[in-house]
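For what it's worth, my numbering labels the leading residue of the sequence shown as 579, then goes sequentially.
Where a beta carbon is used, it is the ideal one built from N, C-alpha and C, also for glycine.
Just so it is clear, the structure is predicted and the values come from calculations on it, not from any experiment.
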Amino acid sequence: MRPLTRAEEDIMHLLWQRENARVAELIVDIPEPKPAYNTVSTIIRILEDKGFVGHEKAGRGFKYFAIVDKSTYQKASMKKMVNSYFEGSFKNMVSFFVKEKNMSAKDLESILKDIDKTED
Numbered sequence: 579m580r581p582l583t584r585a586e587e588d589i590m591h592l593l594w595q596r597e598n599a600r601v602a603e604l605i606v607d608i609p610e611p612k613p614a615y616n617t618v619s620t621i622i623r624i625l626e627d628k629g630f631v632g633h634e635k636a637g638r639g640f641k642y643f644a645i646v647d648k649s650t651y652q653k654a655s656m657k658k659m660v661n662s663y664f665e666g667s668f669k670n671m672v673s674f675f676v677k678e679k680n681m682s683a684k685d686l687e688s689i690l691k692d693i694d695k696t697e698d
C-alpha cells in the first residue's frame with residue numbers, strides 16, 4: 579500500500595466519515611483556513627491514482643468514495659510504523675510508550691484483557 583501525505587490522509591478521513599462526497603462537500607468539513615477547490619480536487623485525483631478513491635457520476639459532477647477502508651489503512655500504517663521505528667516488534671513499541679509515560683499500568687491491563695479475549 580502506497581503511503582499517503584498528511585493532506586491525503588485528511589481527505590481520506592473525511593471520505594471515511596461521509597462515505598461519499600463531492601469536492602465542495604469535503605471543503606465544508608475542512609477547518610479554516612479552507613483550501614482552494616482546485617487543491618482538494620488535485621488531492622482527490624492523486625488518491626484515485628494511488629487506488630484509494632473511486633468516483634461515480636452525480637449530476638454534472640462526481641461523487642467520490644473510499645476504495646480502501648479505514649481499518650485496512652490503519653493496519654498497513656501501524657505495520658509500517660512498527661517495522662520502521664520498533665524493529666518489527668510490538669513489544670518494543672509498547673515499551674517505548676511506557677517509558678515515555680504515554681501509557682499507564684491501567685492501559686496495559688486493558689490491553690492484556692483484550693489479548694486474553696482474542697485468545698479464547
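Identify the continuous alpha helix (DSSP H) that holds residue i and give its terminal residues.
i	result
phenylalanine 668	668–677
alanine 654	648–663
alanine 585	584–596
isoleucine 709	Any question about residue 709 goes unanswered here, given that the chain covers just 579 to 698.
asparagine 616	615–627
Skipping 5 residues on each side, what residues in its chain have a beta carbon closer than 8 Å to that of residue i?
i	result
valine 676	Leu686
isoleucine 608	Asp588, Leu592 and Val618
alanine 636	Arg600
Assuming residue i is part of the beta strand (DSSP E), what are its boundary residues?
i	result
asparagine 631	Before going on, a small fix: residue 631 reads as valine here, not asparagine. Start and end: 631–636.
lysine 641	639–644
Using CA coordinates, which residue listed in the options is at the minimum distance from residue i?
i	options	result
valine 646	Lys695, Asn598 and Glu697	Asn598
glycine 702	Ala644, Ser619 and Val618	A query on residue 702 cannot be resolved here, the shown segment of the chain reaching from 579 to 698 and no further.
serine 619	Met590, Met681 and Ser649	Met590
glutamine 595	Glu634, Lys648 and Asn616	Lys648
proline 581	Met656, Thr696 and Phe664	Met656
Looking only at its chain, what residues have a beta carbon closer than 6 Å to the beta carbon of residue i, apart from the 5 residues adjacent to it on each side?
i	result
glutamine 652	none
glycine 632	Phe643 and Ile645
methionine 681	Phe675
methionine 671	Val660 and Phe664
If you drop the 5 nearest sequence neighbours on each side, which residues of the same chain put their C-beta closer than 7 Å to that of residue i?
i	result
lysine 612	Ile605
alanine 654	Met579
isoleucine 621	Ala585, Glu586 and Ile589
Any contact between the region 621–635 and the region 585–594? By contact I mean 3 or more CB pairs, one from each, below 8 Å.
yes
Does the count of Cβ pairs from the region 593–611 and the region 629–647 closer than 8 Å reach three?
Contact between the region 593–611 and the region 629–647 is present, because at least three Cβ pairs lie under 8 Å.
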